[in-house]
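K.L.:
Just dropping this structure here.
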Amino acid sequence: MFETSFKSTSEFLQVRTNFGTEIVPAYPRVNPLTCEQAHRLHIYLRRRTLTTGKDVTPFKPFPQWQRTIHKTIAIPFVTESISIKHVMYIVGLLAINLIFIFCAPFTVSGGYMLPVGDVSNRRCVYVGLANFTIAFTVITRNSVLSKLASFSFDELVPFHRWYTKIGLAECSVHIGYQIWKGYNKFGNAKDSLFYDMEYQSGTIAALGYIILYLTSFEFIRRNYFEVFYYSHLIGVLMAVGATFAHQYGAIAFLAPGVFLWVVDRAIRFYNSNYTQTETISVEAAANQPFTRILFRKENLEKSFVPGQYVFLSIRQSKGVRKVFDTLNWHPFTISEILPAYSKHEKDQLLERGKFSEVIKVTDQEKSSEEPISSTPTSSPTAVSETGSDNTAYSSGVASVHIKDLGNMTRRLFANAQTDASQLEVSVDGPFGSNSLHFQDYETVILFSAGVGVTPSLTILKDLVERRSKGYSTVRTKTIHFLWSLRKSEHADAFVSILNSCNKLVEQSVQPLTILFQLFVSEGEASDKAGLEDALGQNVVVHLRKADIPEIMEDLARQHTTERVAVQTCGPAVFMRQVQNAAAFNGWSIRTETFEF
Numbered sequence: 001m002f003e004t005s006f007k008s009t010s011e012f013l014q015v016r017t018n019f020g021t022e023i024v025p026a027y028p029r030v031n032p033l034t035c036e037q038a039h040r041l042h043i044y045l046r047r048r049t050l051t052t053g054k055d056v057t058p059f060k061p062f063p064q065w066q067r068t069i070h071k072t073i074a075i076p077f078v079t080e081s082i083s084i085k086h087v088m089y090i091v092g093l094l095a096i097n098l099i100f101i102f103c104a105p106f107t108v109s110g111g112y113m114l115p116v117g118d119v120s121n122r123r124c125v126y127v128g129l130a131n132f133t134i135a136f137t138v139i140t141r142n143s144v145l146s147k148l149a150s151f152s153f154d155e156l157v158p159f160h161r162w163y164t165k166i167g168l169a170e171c172s173v174h175i176g177y178q179i180w181k182g183y184n185k186f187g188n189a190k191d192s193l194f195y196d197m198e199y200q201s202g203t204i205a206a207l208g209y210i211i212l213y214l215t216s217f218e219f220i221r222r223n224y225f226e227v228f229y230y231s232h233l234i235g236v237l238m239a240v241g242a243t244f245a246h247q248y249g250a251i252a253f254l255a256p257g258v259f260l261w262v263v264d265r266a267i268r269f270y271n272s273n274y275t276q277t278e279t280i281s282v283e284a285a286a287n288q289p290f291t292r293i294l295f296r297k298e299n300l301e302k303s304f305v306p307g308q309y310v311f312l313s314i315r316q317s318k319g320v321r322k323v324f325d326t327l328n329w330h331p332f333t334i335s336e337i338l339p340a341y342s343k344h345e346k347d348q349l350l351e352r353g354k355f356s357e358v359i360k361v362t363d364q365e366k367s368s369e370e371p372i373s374s375t376p377t378s379s380p381t382a383v384s385e386t387g388s389d390n391t392a393y394s395s396g397v398a399s400v401h402i403k404d405l406g407n408m409t410r411r412l413f414a415n416a417q418t419d420a421s422q423l424e425v426s427v428d429g430p431f432g433s434n435s436l437h438f439q440d441y442e443t444v445i446l447f448s449a450g451v452g453v454t455p456s457l458t459i460l461k462d463l464v465e466r467r468s469k470g471y472s473t474v475r476t477k478t479i480h481f482l483w484s485l486r487k488s489e490h491a492d493a494f495v496s497i498l499n500s501c502n503k504l505v506e507q508s509v510q511p512l513t514i515l516f517q518l519f520v521s522e523g524e525a526s527d528k529a530g531l532e533d534a535l536g537q538n539v540v541v542h543l544r545k546a547d548i549p550e551i552m553e554d555l556a557r558q559h560t561t562e563r564v565a566v567q568t569c570g571p572a573v574f575m576r577q578v579q580n581a582a583a584f585n586g587w588s589i590r591t592e593t594f595e596f
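Residue numbering for the sequence shown is 1 to 596, as defined by full-length UniProt numbering.
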């Protein structure tokens, strides 16, 4: 049987089954009411029950209520996709803020008396600062909240946006009120903004908050990420420093969040600069707008969960610009974790450029004679008969596929075509968690658009590899892999991964079916024939856009009794349609998108 060198999660338990020792992933799940240790106990009990042959039904209280709160909607001029449960959270948060603004105790030292408007004005700004410190806390990649409540970094990012927007609105009330008072007092705009140190620091802080807000819109984040990134750094320094100088009392509100953010930056600096990382190759795909980066990071396979992503710092300039490249960190989903390979194999694969086809034949032969073992295949192997060094390089070899969407990615694609050897890559991560236990569902639907297919690929490969080995805790029997793309050429970079999964299914110990459907909006008959020939008989290629409601309705008719889990990644409108269809059918769903 095929032996893979990577574990699917950082947390695993070893249990004895009829097929030997099994590595059982414990996928983190989103549950703010339990701590991580309680969650691990829950996973252990569930996995132990499965190994006895009994079934485990996921706990879903109030299914009709859950279908409603998981529905997503679009709010014009605000967001293209937000769930009802998140809207409810924001409404509750606003209510709590209003209670504190109008009812919180507020006493001025020195026996001073303030008008009611001044008291509410000061309450408003202090509540806003409290929201800012929470926003600082949730945006840290190594957040303590993530460890305590099983939230991943990307799941906390929306909370960061909500707390900052609410906090900015509350601080804006204070800023406008103080400018109005100053103008009435001094009679001119200059003194109302720069009369003394208190006014000057307040104006600088307000300018910092304005910079943060104006450069955080999705259009700027997606197309001009460097503008967003550096404006955030400058805006934070201006806003926090000037706020501390403006009112010393603000330090008590902002300091905790700022401290955690500084600690997080120190951890990230260490992980990205002092953890061994090797850039194996940077390749620009032929006739495709993709750049693939293959890298090796120490112990990456021990902490990797399918669907996770890494932050990359890609230095592709010289001189002063290289310093700025070092500070730029961009998120990319890991598209594949590769198995063990030797130095001799590495040289051959570098020549062919086919890293995703790395399969150690000797390991397959060995695993067919021995029971499945949790011992990693990363130990050095013997010297081959040809006398070449056959030491295994199994630790943390991964790939990411980058589409040229913005200025940085277009420049990367161009440099990869001309002189890729000059590119240097640093890696921070992986981050994110697979909050849905796909292995507990008989049917899994992976519905992606464009380059959003990368998280689906890692989930597909993980399920297929473990199901094909006979792991009794993997209940998945049917996988629907649906992919919407504009041109058929965009699939070429991932065909080898899909084919490797097909080969594993053919030799699977337990029954498993994969059904591929590709929707090519700008394709011809020759494109259809090419894809069907490359992927085999179990693929259907449609030369049209994906009709999501129709597709999901058809899948619902096919799976009326099985438990179904859905993974989706793509544009906001695309994911909203998939998520609403899944919620309507009562299916569990996981979405992945970068809205940093």
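C-beta: ideal position from N, C-alpha, C; glycine also.
Leaving out five residues before and five after proline 571 in sequence, what residues of the same chain have Cβ atoms less than 7 Å from its Cβ?
P.N.:
Along the sequence shown, read from residue 1 onward, the residue named residue 571 stands at position 571. Here the set comprises Ala449.
K.L.:
Give every residue of the same chain whose Cβ lies closer than 6 Å to the Cβ of threonine 164, excluding the five residues on either side of it in the sequence, and list them in chain order.
P.N.:
Translated into positions along the sequence shown, residue 164 becomes position 164. Hits under 6 Å: Ala135.
K.L.:
Per DSSP, which residues does histidine 542 bridge with? Please list them.
P.N.:
On the sequence shown, position 542 is the one that residue 542 refers to. Bridge partners of histidine 542: Phe519.
K.L.:
Quick one: is alanine 284 buried, meaning 16 or more other Cβ sit within 10 Å of its Cβ, or exposed?
P.N.:
Residue mapping note: residue 284 aligns to position 284 of the sequence shown, counting from 1. Buried is the call here.
K.L.:
Taking 8 Å as the cut-off, does the region 113–132 touch the region 94–104 (at least 3 CB pairs, one atom from each stretch)?
P.N.:
Touching, yes.
K.L.:
May I ask which residues mark the beginning and end of the alpha helix (DSSP H) holding aspartate 325?
P.N.:
Along the sequence shown, one-based indexing puts residue 325 at 325. 320–327 is the span of the alpha helix (DSSP H), which, as asked, contains aspartate 325.
K.L.:
In whole angstroms, what is the alpha-carbon distance linking tyrosine 213 and proline 256?
P.N.:
Taking the sequence shown and counting its residues from 1, the one referred to as residue 213 is at position 213. Taking the sequence shown and counting its residues from 1, the one referred to as residue 256 is at position 256. Cα-Cα distance, rounded: 22 Å.
K.L.:
Taking 8 Å as the cut-off, does the region 173–187 touch the region 214–231 (at least 3 CB pairs, one atom from each stretch)?
P.N.:
With the cut-off at 8 Å, the region 214–231 and the region 173–187 do not touch.
K.L.:
Consult DSSP for aspartate 154 and reduce its assignment to one of helix, strand or coil.
P.N.:
As a working note, residue 154 is residue 154 in the sequence shown. It is helical.
K.L.:
Helix, strand or coil for histidine 437, going by three-state DSSP, please let me know.
P.N.:
For the purposes of this step, residue 437 is identified with residue 437 of the sequence shown, where counting begins at 1. Here histidine 437 sits in coil by DSSP.
K.L.:
Provide the residue span of the alpha helix (DSSP H) that contains lysine 85, from first to last.
P.N.:
As a working note, residue 85 is residue 85 in the sequence shown. From DSSP, the alpha helix (DSSP H) with lysine 85 extends over 84–103.
K.L.:
Please classify leucine 114: does DSSP put it in a helix, a strand, or coil?
P.N.:
The residue you call residue 114 lines up with position 114 of the sequence shown. Of the three classes helix, strand and coil, the one that applies to leucine 114 here is coil, per DSSP.
K.L.:
Buried or exposed: where does proline 115 fall if 16 or more other Cβ atoms within 10 Å of its Cβ makes it buried?
P.N.:
Within the sequence shown, numbered from 1, the residue matching residue 115 stands at position 115. Proline 115 comes out exposed.
K.L.:
Excluding sequence positions up to five away, which residues of its chain have a Cβ less than 6 Å from the Cβ of glutamate 522?
P.N.:
Numbered from its first residue, the sequence shown carries residue 522 at position 522. Here the set comprises Arg486, Lys487.
K.L.:
Rounded to the nearest angstrom, what separates proline 331 and lysine 190 at their Cα positions?
P.N.:
Counting from one through the sequence shown, the residue named residue 331 turns up at place 331. Counting from one through the sequence shown, the residue named residue 190 turns up at place 190. Roughly 43 Å separates the two Cα atoms.
K.L.:
To the nearest angstrom, report how far apart lysine 545 and alanine 169 are at their CA atoms.
P.N.:
As a working note, residue 545 is residue 545 in the sequence shown. As a working note, residue 169 is residue 169 in the sequence shown. Distance between the alpha carbons of lysine 545 and alanine 169 is about 41 Å.
K.L.:
Between alanine 398 and phenylalanine 244, is the Cβ-Cβ spacing less than 8 Å?
P.N.:
By 1-based counting over the sequence shown, the position of residue 398 is 398. By 1-based counting over the sequence shown, the position of residue 244 is 244. Result no, Cβ atoms of alanine 398 and phenylalanine 244 do not sit closer than 8 Å.
K.L.:
Report buried or exposed for leucine 535, applying the criterion of at least 16 other Cβ atoms within 10 angstroms of its Cβ.
P.N.:
Translated into the one-based positions of the sequence shown, residue 535 becomes position 535. Buried is the call here.
K.L.:
Using DSSP's beta-bridge definition, name the partner residues of leucine 129.
P.N.:
Residue 129 sits at position 129 when you count from the first residue of the sequence shown. Answer by DSSP bridge pairing: none, since leucine 129 is not bridged.
K.L.:
Name the DSSP beta bridge partners of glutamine 567, please?
P.N.:
The residue you call residue 567 lines up with position 567 of the sequence shown. Partner(s): Leu446, Arg590.
K.L.:
With a CB to CB cut of under 6 Å and the five nearest residues on each side skipped, what residues in its chain are close to valine 539?
P.N.:
The residue you call residue 539 lines up with position 539 of the sequence shown. Excluding residues within five positions, the ones whose Cβ falls inside 6 Å are Phe516, Glu532.
K.L.:
For the putative contact between serine 313 and threonine 326, defined by C-beta atoms under 8 Å, what is the C-beta separation to the nearest angstrom?
P.N.:
The residue you call residue 313 lines up with position 313 of the sequence shown. The residue you call residue 326 lines up with position 326 of the sequence shown. Indeed they touch by this definition, with Cβ atoms about 6 Å apart.
K.L.:
For glutamate 283, name the three-state secondary structure that DSSP assigns.
P.N.:
Here residue 283 refers to the residue found at position 283 of the sequence shown. Glutamate 283: strand per DSSP, three-state reduction.
K.L.:
Exposed or buried, threonine 203, counting other C-beta atoms within 10 Å across all chains shown (16 or more means buried)?
P.N.:
Stepping through the sequence shown from its first residue, residue 203 is reached at position 203. Looking at its Cβ environment, which holds 16 or more other Cβ atoms inside 10 Å, threonine 203 is buried.
K.L.:
According to the neighbour-count rule (16 or more other Cβ atoms, all chains shown, within 10 Å of its Cβ), is threonine 133 buried or exposed?
P.N.:
Position 133 of the sequence shown holds residue 133. Buried.
K.L.:
With burial defined as no fewer than 16 other Cβ atoms inside 10 Å of the residue's Cβ, what is the status of methionine 238: buried or exposed?
P.N.:
Taking the sequence shown and counting its residues from 1, the one referred to as residue 238 is at position 238. So methionine 238 counts as buried.
K.L.:
Starting from glycine 208, follow the beta strand (DSSP E) in both directions and report where the run begins and ends.
P.N.:
Taking the sequence shown and counting its residues from 1, one reaches residue 208 at position 208. That residue, glycine 208, is in no beta strand (DSSP E); its alpha helix (DSSP H) goes 197–214.
K.L.:
Give every residue of the same chain whose Cβ lies closer than 6 Å to the Cβ of isoleucine 210, excluding the five residues on either side of it in the sequence, and list them in chain order.
P.N.:
Position 210 of the sequence shown, counted from the first residue, corresponds to residue 210. Hits under 6 Å: none found.
K.L.:
Rounding to the nearest angstrom, what Cα-Cα distance links glycine 249 and serine 143 in this structure?
P.N.:
To locate residue 249, count along the sequence shown from 1; it is residue 249. To locate residue 143, count along the sequence shown from 1; it is residue 143. Between glycine 249 and serine 143, the C-alpha separation is close to 25 Å.
K.L.:
Could you compute how far the alpha carbon of methionine 267 sits from the alpha carbon of arginine 315?
P.N.:
Taking the sequence shown and counting its residues from 1, one reaches residue 267 at position 267. Taking the sequence shown and counting its residues from 1, one reaches residue 315 at position 315. Reading off the sequence shown, one finds isoleucine at residue 267, where the question assumed methionine. Distance between the alpha carbons of isoleucine 267 and arginine 315 is about 21 Å.
K.L.:
Quick check on valine 138: buried or exposed, where buried means 16 or more other Cβ atoms within 10 Å of its Cβ?
P.N.:
Here residue 138 is taken as the residue at index 138 of the sequence shown, counted from 1. Valine 138 should be labelled buried.
K.L.:
State the start and end residues of the unbroken alpha helix (DSSP H) segment that holds valine 453.
P.N.:
Taking the sequence shown and counting its residues from 1, one reaches residue 453 at position 453. Run containing valine 453: 453–468, per the alpha helix (DSSP H) assignment.
K.L.:
Classify glutamine 507 as buried or exposed, calling it buried when 16 or more other Cβ atoms lie within 10 Å of its own Cβ.
P.N.:
Position 507 of the sequence shown, counting from 1, holds the residue named residue 507. Glutamine 507 should be labelled exposed.
K.L.:
Return the CA-CA distance between asparagine 328 and glycine 208, expressed in angstroms with no decimal places.
P.N.:
Here the question's residue 328 lines up with position 328 in the sequence shown. Here the question's residue 208 lines up with position 208 in the sequence shown. Distance between the alpha carbons of asparagine 328 and glycine 208: 20 Å.
K.L.:
Sorted by chain position, which residues of the same chain lie with C-beta nearer than 6 Å to valine 566's C-beta, five sequence neighbours on each side aside?
P.N.:
To locate residue 566, count along the sequence shown from 1; it is residue 566. Cβ neighbours of valine 566 beyond the five flanking positions: Ile445, Ala582, Trp587, Ile589.
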